[in-house]
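Working notes, structure below.
There are 2 protein chains.
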Amino acid sequence: MTNGNARGLRHEMGRNFTYEILQRLGVDIVTGTYGVGNPFPTEAELCKRLGASRSVLREAVKMLTAKGLLKARPRQGTWIEPERNWNLLDPDVLYWLLERKFSPGLLLEFTQVRLAIEPMAAALAARHADAKAKEAITAALNRMKAAEAGDDDPLTSDIAFHVAILEASGNRFYAQLRGLIEAALRTSIRLTNRRKGVRLASVADHQQVADAIFASDPEAASAAMRHLMVEAMTLIEQAKETMEATGEEV
Amino acid sequence: MTNGNARGLRHEMGRNFTYEILQRLGVDIVTGTYGVGNPFPTEAELCKRLGASRSVLREAVKMLTAKGLLKARPRQGTWIEPERNWNLLDPDVLYWLLERKFSPGLLLEFTQVRLAIEPMAAALAARHADAKAKEAITAALNRMKAAEAGDDDPLTSDIAFHVAILEASGNRFYAQLRGLIEAALRTSIRLTNRRKGVRLASVADHQQVADAIFASDPEAASAAMRHLMVEAMTLIEQAKETMEATGEEV
DNA sequence: GGGCATGTATTTATCATATATAATGCTTGG
DNA sequence: CCAAGCATTATATATGATAAATACATGCCC
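The following block contains the structure:
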């Protein structure tokens, strides 16, 4: 073994080295380190640069290819795909984008997705939710209340609430937003935390959604959820304007 | 090289052998060949069974892992993830599911996504669409008209129309539905083609959407698009009921 | 007997290298 | 000028050796 690799140095970012390289390359790609629509360093070059073996590198590149970030062809090399081909709906990709290249614009667009989906999910939940799903909603709401008193994490419990409703909708695609919302909320809290007088929606507003679902009132559930979404969107819009006006970094 | 592999036999399914194995394993997984939540054959076993080298197999498995279908850990083996962890919003995964394990239920759930997103996309398009985006919509509509006269493919032009509007919305996540809608429509046509008196929505209904967008009327655009979606959903529901009643295979 | 330390076996993870394949451009002969 | 073939240079594939992780068994101590 002639390769003096840097394995010993690494901190446990992922389960293993391959995932570490995956994260690293993923972040580098979405932050534009290599440009977009540009050629990518060759396999050999990247191995040297990252201190990884070809197996590890190739497997990481294959995962990035599976997420639409790269495309490789013999002799032609590996290329970064244009942004429109990236799987934005892949939680990893969204996380890389939001976490590392913080963009209120993208967050806004994602909230538009939530605005489309979540009210309908709430309506479906009001129609179809079974006992177990309702319990999950109640539990999440209780966590939010506990968080208000400082006994739980506000972010995690907020996520749990929205996820519970998405899953109560019975639509498997809606439930897929789970990972995406987690990525988005973890980022958006960075935005809202910084601003005085700006905070996540109140527990009371969430309570209204839950009440409507328990009352099997789809219209009310949808409206209450829409209210939450519009609220979230307003916050992000304000933050975006502030950022643009001041050129402030988040 | 001692391995007498079966490379010569293969027909050009994908660009290369790795992608062929990817497709094969992906289909096998979603169709339940290996069960769900079950252990997966070991690397060595699968290599033998598929006549693939370890490189090829590992890279395919890594791509499936990236799409949430598998999870591998040393000594513990590779496992099929529970369905809720599959990336349904990955076009490949959706395609495998719809194509090979035809399920009107899943198609219905996907149409619910379209029902949530596309009317809003049409509304956004009515507000923001630039000249180029409008041209794309017009072009797609013209293709649909040509298709009606037999001069173009009805499926492709229908897809193009919906994609044009999603892209005109200016929301990058909405535009992501492109690949998913393509997978879904290609499957749903199998459903509707079989039934007399059942067909895709008319060009006139699509025209209404376009007209509203060109008139910068978000409400009308949204309503017209919702009409298309409800129509599609009704068709699938009918087909589903028929299938369930007759136990018919599609 | 029960709990704990320890060893062992098995599976993926990683590294390394050799060879095959494919795409591209160049060259050369007509 | 063009087309067939050759050279070049990427990725793709095959394979062997070694490392790391962990389920499981084994046996010790109390």
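Chains as they are written, first to last, in numbering that gives the first Met the number 0: chain A, 0 to 249; chain B, 0 to 249. Using N, Cα and C, we set each Cβ at its ideal position, and we do this for glycine too.
* Exposure of R14(B), with buried meaning 16 or more beta-carbon neighbours within 10 Å -> So R14(B) counts as exposed.
* Looking at C-beta atoms only, is the number of pairs between the stretch 89-97 of chain A and the stretch 175-186 of chain A that lie closer than 8 Å three or more? -> yes
* What does a CB cutoff of less than 8 Å around I235(A) pick up in its chain, not counting 5 residues either side in sequence? -> P103, L106, L107, T110, S187, L190
* Asked: Does the beta carbon of I158(A) come closer than 7 Å to any beta carbon on chain B?
  -> At a cut-off of 7 Å between beta-carbon atoms, I158(A) makes no contact with chain B.
* Asked: How long is the line joining the alpha carbons of F213(B) and E181(B), rounded to whole angstroms?
  -> 24 Å
* On a CA-only basis, which of A132(A), A244(A), H226(A), M232(A) is nearest P118(A)? Give me that one, please. => H226(A)
* To do: Compare the C-beta of I20(B) with all C-beta atoms of chain A and state if any pair is closer than 7 Å.
  => no
* Return the bridge partner residues of L93(B) from the DSSP annotation. => Beta-bridge pairing links L93(B) to no other residue.
* **Segment limits, beta strand (DSSP E) that includes T261(A)** => One cannot answer for residue 261(A) here, as it falls past the ends of chain A, which runs 0 to 249.
* To do: Can you tell me which of the three DSSP states P103(A) falls into?
  => helix
* To do: Can you tell me which of T17(A), L45(A), A238(A), H205(A) puts its alpha carbon nearest to the alpha carbon of T163(A)?
  => A small correction: the amino acid at residue 163(A) is Ala; Thr does not occupy that position in the sequence shown. Closest by alpha carbon: H205(A).
* **Those residues which DSSP pairs with A71(B) across a bridge** => T77(B)
* Asked: Where does P40(A) fall in DSSP's three states?
  -> Looking at P40(A) - three-state DSSP - the assignment turns out to be coil, as it is neither helix nor strand.
* Asked: With a CB to CB cut of under 6 Å and the five nearest residues on each side skipped, what residues in its chain are close to A135(A)?
  -> A163
* Along the chain, where does the alpha helix (DSSP H) that runs through N86(B) open and close? -> No alpha helix (DSSP H) contains N86(B), which DSSP labels as neither H nor E.
* Asked: Unbroken alpha helix (DSSP H) runs of length 4 or more, entirely within the stretch 193-242 of chain A: which are they?
  -> DSSP assignment within the stretch 193-242 of chain A yields the following whole alpha helix (DSSP H) runs of 4 residues or more, N-terminal first: 202-213.
* With 16 as the cutoff for other CB atoms within 10 Å, does K131(A) come out buried or exposed? -> exposed
* Might you give, ordered along the chain, the residues of its own chain that have their beta carbon closer than 6 Å to the beta carbon of M232(A), omitting 5 neighbours on each side? => T110
* Asked: Cα-Cα, which of D150(B), D27(B), A65(B), G67(B) is closest to L49(B)?
  -> Looking at the Cα atoms, D27(B) is the closest of the given residues.
* Asked: Any chance the stretch 70-83 of chain B sits against the stretch 146-163 of chain B, with 3 or more Cβ pairs inside 8 Å?
  -> By the C-beta criterion, the stretch 70-83 of chain B is judged not to be in contact with the stretch 146-163 of chain B, since fewer than 3 inter-stretch pairs fall below 8 Å.
* To do: Please determine, among W95(A), R53(A), A115(A), A121(A), the residue with the shortest C-alpha to C-alpha distance to A219(A).
  => A121(A)
* Contacts that E134(A) makes with chain B (C-beta to C-beta distance below 7 Å) -> Against chain B, a Cβ distance below 7 Å from E134(A) picks out nothing, because the smallest value is about 17 Å.
* Y18(A), DSSP secondary structure in three states -> helix
* **Cβ shell of L24(A) (< 7 Å), same chain only, five flanking positions each side left out** => A59, L63
* Coarse secondary structure for N170(B), derived from DSSP in three states -> coil
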